[in-house]
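Below is one structure, written out as structure tokens, with a few remarks after it.
Residue numbers (our numbering), protein chains in the order written: chain C, 174 to 533; chain L, 174 to 533.
Here you go:
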């Protein structure tokens, strides 16, 4: 796998963003930010699901003012999302936002951007320059510019003011455009990246789009914090973000269950077994690979990389295998119970699975 | 986006696989292949969902024999999946399989592989060499080899017999290992690729893993036919495969609905609108981009790439925009109806959306 792209480190409250730190998961509240109770409730719920940074929309002065109270009642860093009105950015900074996100493409006056830079400098908080494919200026020839062009233009202004406390994002609802833009800018600077695909849609499509866009970049070593945008609950955004990080092999959040798609060789309800196993292992934090395979003949070999697994055969039997070798045969109906016992015993004994070594 | 990797063309019944043709969607039946009625029923259902090639497990002689009857009652090409026993491959070829898939790593005698090559040559059908990370031989130093090493070894034998009617796959349940293997072999030969991540698990994780693995390769221009392996229904495999192709921008299957994740600025149930719109447009085949945005201020701009869209504002109004320009304002509760009417009128008038041009 590609080495992670080297970046500076940016601090957002207690969370560090950059190549020296784990890739963090963030989401955004969908409540009216001025409704402090609802927003705090959603942030706490997100935190419980594994969200590490949360962004709130600052659409007006009362939303900006709410940040002080929200921060008092929550623990994870709060990022203020501002469009158009730089005064809201100044107010959000004054109210204690841990980072602000602006799209300089929709804050028209350079002096207004300068004012935002000054206030963030004073409080020593970072600014995300969030370029969006929908708000790109036209070039001299009348054609719309690209996201990398717009970003490099914005950066010029920040650099002139010697402001480097920056996180960058370049989002489009097109996966191709998003991936291409990040790859290009990855070669041009060492600011950390917030990676995501914007307006990805309902979960059924949005999960696929976000997985491809964010995942392809992670495999390249690109990305320091990620946000999955779904037209759905923010909890689902966080769950998907964690799955993307785990699937790309960059962070692990407990056991990974691999299970075969089943075929004409399989006589067991593999989906039911995998689901039962997933529930039984919910509280295990080790990043074990656990396999559930529908075929005794192929299973142990095909899932050789698994730390432990079960392959169901004919005659209502299950072969439990460890690193590809069958170590025990059990009745199919007691398979999950035995497997969970064995895993808990191994985890309790502090046996570290092979792939923990050398992982980021 | 990367150019599609140039490959030879392989014919599987009426479907061509290779860079000169659209990337095809395949799946695999989960029925007992010898149960002809159940298998035919599942194949027809898959075909209706957009599956273009189907694979069946050939675990014994009766499964192999069933292929003749299955072919008589179905239309899409049938691929026979064989492990271990070369006699089953010979029988499947004799029974009219349109392609066979073997993993030479589990057919031990070279003479048996030669016999399979001879029978496929006689019938002029292709063989997929399906390498799997679970069945890799050990090297002289006792270490397990890599998928690319195993594949290149197998290829040597096929080349010596001047058999080039080959499709290649290199699957692991690890996304990184899968992507790395395909990228490496992409530089070594011009055989078309069947791309997938194996044993990806239940839909919740499997969709993410498959999207990253297959999607990252598609963005590189790699992949000629894809299969999503889920511990779930084959219908869901096909739906996910189509979503991956559409998200990667390589094929389109009707309108793409982009919708914002909503935030504190949004006062409308965007998910409900997007779902309603999705249903209303189910029969539209044009690859329009349709946007549903929760904010009148950002919406039209952020979704500027959309052919048509709606952005909801305050006061229960919806702004309908086309290519970023607001062309009409309607009541929020009539928004979907008006939008669908406008789309149907445009489609009926044969207006081709911008992005159809130049697409594969």
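Even glycine gets a Cβ: it sits at the ideal position worked out from N, Cα and C.
Can you list, in chain order, the stretches of the beta strand (DSSP E) that have 3 or more residues and sit fully within the segment 406-486 of chain L?
429-432, 462-466 and 481-485
One question on the structure: do residue 288 of chain L and residue 263 of chain L come within less than 8 Å of each other, judged by their Cβ atoms?
In the second chain, the residue the question calls residue 288 of chain L occupies position 115. In the second chain, the residue the question calls residue 263 of chain L occupies position 90. Yes, these two residues count as a Cβ contact at 8 Å.
Using 8 Å as the limit for Cβ to Cβ distance, is residue 201 of chain C near chain L?
Reading the first chain from its first residue, position 28 is the one you call residue 201 of chain C. Yes, contact with chain L.
Can you tell me where the alpha helix (DSSP H) with residue 326 of chain L in it begins and where it stops?
Here the question's residue 326 of chain L lines up with position 153 in the second chain. First-last of the alpha helix (DSSP H) with residue 326 of chain L: 320-333.
Residues in its own chain within less than 7 Å of residue 228 of chain L by CB, not counting five upstream and five downstream?
For the purposes of this step, residue 228 of chain L is identified with residue 55 of the second chain, where counting begins at 1. Excluding sequence neighbours, residue 228 of chain L sits near 199, 201, 252, 254 and 274.
For my contact list, residue 457 of chain C and residue 428 of chain C are in at a C-beta cut-off of 8 Å; report their separation, rounded to the angstrom.
In the first chain, counting from the first residue as 1, residue 457 of chain C sits at position 284. In the first chain, counting from the first residue as 1, residue 428 of chain C sits at position 255. Confirmed, about 5 Å.
Tell me, please, which residues DSSP counts as bridged to residue 373 of chain C.
What you label residue 373 of chain C is simply residue 200 of the first chain in a count that begins at 1. Looking at the DSSP assignment, residue 373 of chain C forms a beta bridge with L:432.
I'd like the list of long-range same chain contacts for residue 310 of chain C, defined as Cβ closer than 6 Å, with 5 residues on each side in sequence excluded.
The residue given as residue 310 of chain C occupies position 137 in the first chain. Only 318 meet the Cβ criterion.
Find the residues of chain L that neighbour residue 375 of chain C, judging by a C-beta separation of less than 8 Å, and give them in chain order.
For the purposes of this step, residue 375 of chain C is taken as residue 202 along the first chain, with counting starting at 1. What residue 375 of chain C touches in chain L: 430, 432, 444, 447, 448 and 451.
Three or more C-beta pairs closer than 8 Å, one from the segment 402-409 of chain L and one from the segment 430-437 of chain C: is that the case here?
yes
Is the shortest distance between the beta-carbon of residue 284 of chain L and the beta-carbons of chain C less than 8 Å?
Taking the first residue of the second chain as 1, we reach residue 284 of chain L at position 111. No - not a single Cβ of chain C is within 8 Å of the one on residue 284 of chain L.
By Cβ distance below 6 Å, which residues in the same chain neighbour residue 327 of chain C in space, the five residues on each side in sequence not counted?
For the purposes of this step, residue 327 of chain C is identified with residue 154 of the first chain, where counting begins at 1. Non-local beta-carbon contacts of residue 327 of chain C in its own chain, meaning distances under 6 Å to residues more than five positions away in sequence, involve 277 and 302 in chain order.
Output the boundary residues of the alpha helix (DSSP H) element that contains residue 200 of chain L.
Numbered from 1 along the second chain, position 27 holds the residue referred to as residue 200 of chain L. Note, residue 200 of chain L: premise wrong, no alpha helix (DSSP H); beta strand (DSSP E) at 197-201.
With residue 453 of chain C and residue 411 of chain C assumed to form a contact (beta carbons below 8 Å), what rounded beta-carbon distance in angstroms separates them?
In the first chain, residue 453 of chain C corresponds to position 280, counting from 1. In the first chain, residue 411 of chain C corresponds to position 238, counting from 1. That belief does not hold up - the Cβ atoms of residue 453 of chain C and residue 411 of chain C are roughly 22 Å apart, past 8 Å.
Since residue 349 of chain L meets chain C, which of its residues come closer than 8 Å, beta carbon to beta carbon?
Against the second chain, residue 349 of chain L aligns to sequence position 176. By Cβ distance, chain C contributes 174, 392, 421 and 422.
For residue 271 of chain C, list the residues DSSP reports as bridge partners.
In the first chain, the residue the question calls residue 271 of chain C occupies position 98. Looking at the DSSP assignment, residue 271 of chain C forms no beta bridge with any residue, so it has no partner.
8 Å is my cut-off, CB to CB: does residue 460 of chain L come that close to chain C?
Locating residue 460 of chain L in the second chain gives position 287, counting from the first residue. No, residue 460 of chain L does not count as interfacial toward chain C.
Under 7 Å Cβ to Cβ from residue 376 of chain L, same chain only, skipping five residues before and after it: list those, please.
For the purposes of this step, residue 376 of chain L is taken as residue 203 along the second chain, with counting starting at 1. Excluding sequence neighbours, residue 376 of chain L sits near 403, 405 and 409.
From the DSSP output, read off the bridge partner residues of residue 305 of chain L.
The residue labelled residue 305 of chain L in the question sits at position 132 within the second chain. Per DSSP, L:344.
Let me know the secondary structure DSSP gives residue 180 of chain C once reduced to three states.
Here residue 180 of chain C refers to the residue found at position 7 of the first chain. Note: residue 180 of chain C maps to coil in three-state DSSP.
Comparing C-alpha positions only, which one of C:359, C:216 and C:312 sits nearest to residue 180 of chain C?
For the purposes of this step, residue 180 of chain C is taken as the residue at position 7 of the first chain. Of the candidates C:359, C:216 and C:312, C:359 places its Cα closest to the Cα of residue 180 of chain C.
Return the first residue and the last residue of the alpha helix (DSSP H) that residue 254 of chain L is part of.
Here residue 254 of chain L is taken as the residue at index 81 of the second chain, counted from 1. Per DSSP, residue 254 of chain L belongs to no alpha helix (DSSP H); it is in the beta strand (DSSP E), 251-255.
Look at the alpha carbon of residue 340 of chain C and the alpha carbon of residue 341 of chain L, and state the distance between them as a whole number of angstroms.
On the first chain, residue 340 of chain C is found 167 positions in, with the first residue counted as 1. On the second chain, residue 341 of chain L is found 168 positions in, with the first residue counted as 1. Taken atom to atom, the span from the alpha-carbon of residue 340 of chain C to that of residue 341 of chain L is near 41 Å.
If we define contact as Cβ-Cβ less than 8 Å, is residue 372 of chain C a contact residue for chain L?
Residue mapping note: residue 372 of chain C aligns to position 199 of the first chain, counting from 1. Taking Cβ atoms only, chain L reaches closer than 8 Å to residue 372 of chain C, which makes this a yes.
What are the boundary residues of the alpha helix (DSSP H) that residue 492 of chain L is part of?
Along the second chain, read from residue 1 onward, the residue named residue 492 of chain L stands at position 319. Premise fails: residue 492 of chain L lies in the beta strand (DSSP E), 490-495, not in any alpha helix (DSSP H).
At a threshold of 7 Å, does residue 346 of chain C count as lining the ligand MG (C-beta to nearest heavy atom)?
This structure does not include the ligand MG; it has no bound ligands of any sort.
List, in order along the chain, the chain C residues whose C-beta lies closer than 7 Å to that of residue 307 of chain L?
Here residue 307 of chain L refers to the residue found at position 134 when the second chain is read from its first residue. Ordered by position in chain C, the residues that pass the 7 Å Cβ test against residue 307 of chain L are 474, 475, 476 and 477.
Just checking: is the beta-carbon of residue 220 of chain C within a distance shorter than 8 Å of some beta-carbon in chain L?
Locating residue 220 of chain C in the first chain gives position 47, where the first residue counts as 1. Chain L contact via Cβ: absent.
Kindly indicate which three-state DSSP category residue 404 of chain L falls into: helix, strand or coil?
Position 231 of the second chain, counted from the first residue, corresponds to residue 404 of chain L. Coil at residue 404 of chain L, not helix or strand.
Name the one or two DSSP bridge partners that residue 366 of chain L has.
Taking the first residue of the second chain as 1, we reach residue 366 of chain L at position 193. Answer is L:341, bridged to residue 366 of chain L.
Taking Cβ to Cβ, would you say residue 501 of chain L is nearer than 8 Å to residue 467 of chain L?
In the second chain, the residue the question calls residue 501 of chain L occupies position 328. In the second chain, the residue the question calls residue 467 of chain L occupies position 294. No, they are not a contact pair.
Check distances from the C-beta atoms of the segment 252-272 of chain L to those of chain C and list, in chain order, the residues that come in under 9 Å.
254, 256 and 257
Using Cβ-Cβ distances below 8 Å, what residues of the segment 485-503 of chain C are close to chain L?
497
Would you call the CB atoms of residue 385 of chain L and residue 384 of chain C closer than 8 Å?
Taking the first residue of the second chain as position 1, residue 385 of chain L is located at position 212. Taking the first residue of the first chain as position 1, residue 384 of chain C is located at position 211. Contact: yes.
For residue 478 of chain L, collect the residues of the same chain with a Cβ closer than 7 Å to its Cβ; drop the 5 residues on either side in sequence, then sort them by chain order.
Within the second chain, the letter at position 305 stands for residue 478 of chain L. Cβ within range, chain order: 462.
From this set, C:178, C:475, C:507 and C:259, which residue's C-alpha is nearest residue 495 of chain C's C-alpha?
Reading the first chain from its first residue, position 322 is the one you call residue 495 of chain C. Residue 495 of chain C has its Cα closest to that of C:475, out of C:178, C:475, C:507 and C:259.
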